[in-house]
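Colleague: Have a look at this one before I ask anything.
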Amino acid sequence: FYGTPQEALAHAGAATFRDLFEKLEESTATGQGGLASLPPNATAEQKRTYDGGRDEVAEEWRRRFHRTEVYRRNVVEPLSGLTHDGQTAPVAHRRPTIADAVRQFLTLVRRYAEVLRRDRLNLLILFAQAPIIAVLTFLVVGSEAPRDFPYFLLALVALWFGTSVAAREIVKERAVYKRERMVNLSLLPYVGSKLFVLSLIVGAQCVLLFGTLKVLSTVLSSADYLPGNFFQLGAQLLTLILTGMVGIALGLFVSAIVKTSEMATSLVPLILIPQLLFSGLVGVPEGAARVVGAAMPATWAFDEMKRLSGLDTLSKEGSDQEGRNQGRGLFKQIEHENEQVITQARKDIENYRARAEREMKDYEQKMGEFLQRGASVPGASPPPEPPVLGQPPAVKDARYRDPDLSGYVEFLHPWGGVARDAAILSVMLLIFFGATVIALRVRDR
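Using our numbering, the letters of the sequence shown map in sequence onto residues 1496 to 1940.
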């Protein structure tokens, strides 16, 4: 077909380009024996039917186009005015410029955004997920519990938002991608357009998730689930959006390497389960678990959320050296203070005992001298007064753990840091984006 976009829609009898591509896929699958794609274990008969049917469908669409007024106006008449000298100049293939890539990127963004905008029910479901999860989190987390679980859930859900929304976006339109790739579709604008549009959706989800939980904890609870000033909260929200973008890039990579949408959907839980196990929710990662967890985006998003909160830790890992707990963590600091109380009490009691013994010996000595002089001698001095030992030393009370631990997190990752965590997430975003482009290029061969 050669003509304007509206002429193409009219020729195919479609209202939108999505309908047009669906009609093409439907007719192709019908001509190929009902096979939308050739299965890996296809028989020889299926392969012949698949290849022959595809050519027949293409020829049928060509014949339809040749019978139209659009073909006569756009092809026959312009060609009839050309003079033929028997020589045909070779087609000059021009390398795409940056301007071409930008123009293609903007076109793909507009088209992709329009496709998503038309599926309003799906958008409604996507945007409704965030406040629902925020409400459930608010109901589950205790007001006096450490803040680890809310921060972990925010990080994990942001990653899930991105991965789940992107995992099918390439594989479900593979036929369209192949046709456009044969013409002039560039990989960077193609993948970049999907990352950009999906980032807007996931970013809105993160804002709804974070904002809803913050409002609920501020209005309906005496404990703040997300403590911090404006800048801390803003940095945490940006961290969630960055994590969601990493999830999108990861989902696009999955979509680029799988063969079916069902396979992509099945892989999403397998990606998220290791995030649960190795990201530090169950405690400080050690040994092999720490190494494996370093490859998990949720590990660094979780650690960044905790560091940006400014909360001290219960464990010594990440405790503020200049804070009240002096780098020991709350639990070790309580043990340290109680040990100091016990040590001081022992020292005071020992001093009290030693002083009492000295006074008793001095009294015994004076009493012995008095008896030797004779108590009945006229004019003799009175007997010595017995010593007064005084009150025993008071022992300070031990420090007990405050039941309200909402001002703490369990730990900070030993390998993490505010700038380092953000840098690692950014590198992961670039790695998954590049891996998606490479995977698509490999499949083109």
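For glycine and all other residues, C-beta sits at the position ideal for the given N, C-alpha and C.
When DSSP labels each residue in this structure, what does V1697 get in the three-state scheme?
Modeller: The residue given as residue 1697 occupies position 202 in the sequence shown. Of the three classes helix, strand and coil, the one that applies to V1697 here is helix, per DSSP.
Colleague: Can you say whether S1750 is buried or exposed, counting buried as having 16 or more other CB atoms within 10 angstroms of its CB?
Modeller: Taking the first residue of the sequence shown as 1, we reach residue 1750 at position 255. Its Cβ being crowded by 16 or more others within 10 Å, S1750 is buried.
Colleague: What did DSSP end up calling G1529 once you bin it into helix, strand or coil?
Modeller: For the purposes of this step, residue 1529 is identified with residue 34 of the sequence shown, where counting begins at 1. With a pLDDT of 47 at G1529, under the threshold of 50, the predicted position of this residue should be treated as unreliable, though the coordinate-derived value follows. G1529: coil per DSSP, three-state reduction.
Colleague: Do Y1858 and P1882 have their C-beta atoms within less than 8 Å of each other?
Modeller: As a position in the sequence shown, residue 1858 is number 363, starting the count at 1. As a position in the sequence shown, residue 1882 is number 387, starting the count at 1. Against a cut-off of 8 Å, the Cβ pair of P1882 and Y1858 comes out as a contact.
Colleague: So Y1847 is in the alpha helix (DSSP H); what residue range does that whole segment cover?
Modeller: Within the sequence shown, the letter at position 352 stands for residue 1847. Here the alpha helix (DSSP H) through Y1847 covers G1824 to R1868.
Colleague: Compute the Euclidean distance between the alpha carbons of E1834 and D1843, then round it to the nearest angstrom.
Modeller: Numbered from its first residue, the sequence shown carries residue 1834 at position 339. Numbered from its first residue, the sequence shown carries residue 1843 at position 348. Answer to the nearest angstrom: the Cα atoms are 14 Å apart.
Colleague: Specify, as a first and last residue, the run of the alpha helix (DSSP H) that A1505 falls within.
Modeller: In the sequence shown, residue 1505 corresponds to position 10, counting from 1. Unbroken alpha helix (DSSP H) run through A1505: P1500 to A1507.
Colleague: Please name the residue, chosen from L1772, F1496, V1932 and S1901, that lies closest to Q1645 on a Cα-to-Cα basis.
Modeller: Locating residue 1645 in the sequence shown gives position 150, where the first residue counts as 1. For clarity, residue 1645 is Pro in the given sequence; the question names Gln instead. Measuring from the Cα of P1645, the nearest candidate turns out to be S1901.
Colleague: Rounded to a whole number of angstroms, what is the C-alpha to C-alpha distance between E1864 and L1884?
Modeller: Stepping through the sequence shown from its first residue, residue 1864 is reached at position 369. Stepping through the sequence shown from its first residue, residue 1884 is reached at position 389. Distance between the alpha carbons of E1864 and L1884 is about 22 Å.
Colleague: Taking the alpha helix (DSSP H) that D1916 belongs to, which residues open and close that run?
Modeller: Numbered from its first residue, the sequence shown carries residue 1916 at position 421. D1916 -> alpha helix (DSSP H) spans V1913 to D1939.
Colleague: Indicate whether the contact test is met: 3 or more Cβ pairs, each with one atom in the region 1921-1936 and one in the region 1816-1823, closer than 8 Å.
Modeller: Counting Cβ pairs under 8 Å, fewer than three are found: no touch.
Colleague: Which same chain residues, not among the five before or five after K1518, have their C-beta less than 8 Å away from its C-beta?
Modeller: For this step, residue 1518 is matched to residue 23 along the sequence shown. Within the same chain, K1518 has close Cβ partners A1507, G1508 and A1509.
Colleague: Given a cut-off of 8 Å on the beta-carbon distance, is the pair G1739 and V1686 in contact?
Modeller: Here residue 1739 refers to the residue found at position 244 when the sequence shown is read from its first residue. Here residue 1686 refers to the residue found at position 191 when the sequence shown is read from its first residue. Not closer than 8 Å, so no.
Colleague: Taking all protein chains shown into account, decide if M1855 is buried (16 or more other Cβ within 10 angstroms of its Cβ) or exposed.
Modeller: Position 360 of the sequence shown, counting from 1, holds the residue named residue 1855. Under this definition M1855 is an exposed residue.
Colleague: Which class does D1807 belong to by DSSP, given the choice of helix, strand or coil?
Modeller: Your numbering for residue 1807 matches position 312 in the sequence shown. The answer is strand: DSSP assigns D1807 an E or B state.
Colleague: Determine the burial state of T1632: buried for a count of at least 16 other Cβ atoms within 10 Å of its Cβ, exposed for fewer.
Modeller: Reading the sequence shown from its first residue, position 137 is the one you call residue 1632. The residue is buried, with at least 16 neighbouring Cβ atoms inside 10 Å.
Colleague: Please indicate yes or no: does the CB of T1794 lie closer than 7 Å to some heavy atom of the ligand FMN?
Modeller: This structure simply doesn't include the ligand FMN, nor any ligand for that matter.
Colleague: Would DSSP call V1786 helix, strand or coil?
Modeller: Against the sequence shown, residue 1786 aligns to sequence position 291. Correct three-state label for V1786: helix.
Colleague: Among the residues of its own chain, which have a CB less than 7 Å from the CB of V1604, if the five just before and after it don't count?
Modeller: The residue labelled residue 1604 in the question sits at position 109 within the sequence shown. For V1604, where only same-chain residues beyond five positions count, the Cβ hits under 7 Å are S1688, F1691 and V1692.
Colleague: Any beta carbon from chain D within less than 8 Å of N1833's own beta carbon?
Modeller: Checking the listed chains, one finds no chain D in this structure; it contains a single protein chain.
Colleague: Within this structure, are the beta carbons of K1891 and P1879 separated by less than 8 Å?
Modeller: Position 396 of the sequence shown holds residue 1891. Position 384 of the sequence shown holds residue 1879. In this structure, P1879 does not lie closer than 8 Å to K1891 by Cβ.
Colleague: Using 8 Å as the threshold, is the region 1749-1763 in touch with the region 1818-1828, meaning 3 or more CB pairs across them?
Modeller: Judged by Cβ distances under 8 Å, the region 1749-1763 makes no contact with the region 1818-1828, as fewer than three pairs qualify.
Colleague: Am I right that L1515 and A1505 are in contact with their C-beta atoms under 8 Å? What's the rounded C-beta distance?
Modeller: Stepping through the sequence shown from its first residue, residue 1515 is reached at position 20. Stepping through the sequence shown from its first residue, residue 1505 is reached at position 10. Rounded, the Cβ-Cβ distance is 10 Å, inconsistent with contact.
Colleague: From the DSSP output, in three-state form, read off Y1607 for me.
Modeller: As a first step, residue 1607 must be located in the sequence shown, where it is residue number 112. In the structure shown, Y1607 sits in a helix (DSSP, three-state: H, G or I).
Colleague: Between the alpha carbons of R1612 and Q1599, how many angstroms are there, rounded?
Modeller: Position 117 of the sequence shown, counting from 1, holds the residue named residue 1612. Position 104 of the sequence shown, counting from 1, holds the residue named residue 1599. Computed Cα separation, rounded: 20 Å.
Colleague: Report the CB separation of L1651 from A1793 in whole angstroms; it is logged as a contact under 8 Å.
Modeller: The residue labelled residue 1651 in the question sits at position 156 within the sequence shown. The residue labelled residue 1793 in the question sits at position 298 within the sequence shown. With a Cβ gap of about 5 Å, L1651 and A1793 count as contacting.
Colleague: Grab the span of the alpha helix (DSSP H) containing E1675 for me, first residue to last.
Modeller: Counting from 1 along the sequence shown, the entry for residue 1675 is found at position 180. Taken as a continuous stretch (DSSP letters only), the alpha helix (DSSP H) holding E1675 covers R1669 to V1678.
Colleague: From G1775 to H1908, what distance separates their C-alpha atoms?
Modeller: Here residue 1775 corresponds to residue number 280 of the sequence shown, with the count starting at 1. Here residue 1908 corresponds to residue number 413 of the sequence shown, with the count starting at 1. Cα to Cα, the separation comes out at about 8 Å.
Colleague: Within 10 angstroms of the Cβ of G1805, are there 16 or more other Cβ atoms? Answer buried if so, exposed if not.
Modeller: For the purposes of this step, residue 1805 is identified with residue 310 of the sequence shown, where counting begins at 1. Exposed.
Colleague: Return the bridge partner residues of V1904 from the DSSP annotation.
Modeller: Here residue 1904 is taken as the residue at index 409 of the sequence shown, counted from 1. T1808.
Colleague: Assuming contact is defined by CB atoms lying nearer than 8 Å, are I1743 and S1694 in contact in what I supplied?
Modeller: As a first step, residue 1743 is located in the sequence shown; it is residue number 248 there, counting from the start. As a first step, residue 1694 is located in the sequence shown; it is residue number 199 there, counting from the start. Yes.
Colleague: Check whether the region 1702-1710 touches the region 1771-1785, taking contact to mean three or more Cβ pairs, one atom from each stretch, closer than 8 Å.
Modeller: No, the region 1702-1710 is not in contact with the region 1771-1785.
Colleague: Measuring straight from C-alpha to C-alpha, what distance separates E1555 and I1665?
Modeller: Here residue 1555 refers to the residue found at position 60 when the sequence shown is read from its first residue. Here residue 1665 refers to the residue found at position 170 when the sequence shown is read from its first residue. Each residue's alpha carbon lies about 28 Å from the other.
Colleague: Could you work out which residue in L1803, A1918, I1919 and M1791 is closest to F1725 when comparing CA atoms only?
Modeller: For the purposes of this step, residue 1725 is identified with residue 230 of the sequence shown, where counting begins at 1. Comparing Cα-Cα distances from F1725 to each of L1803, A1918, I1919 and M1791, the minimum goes to L1803.
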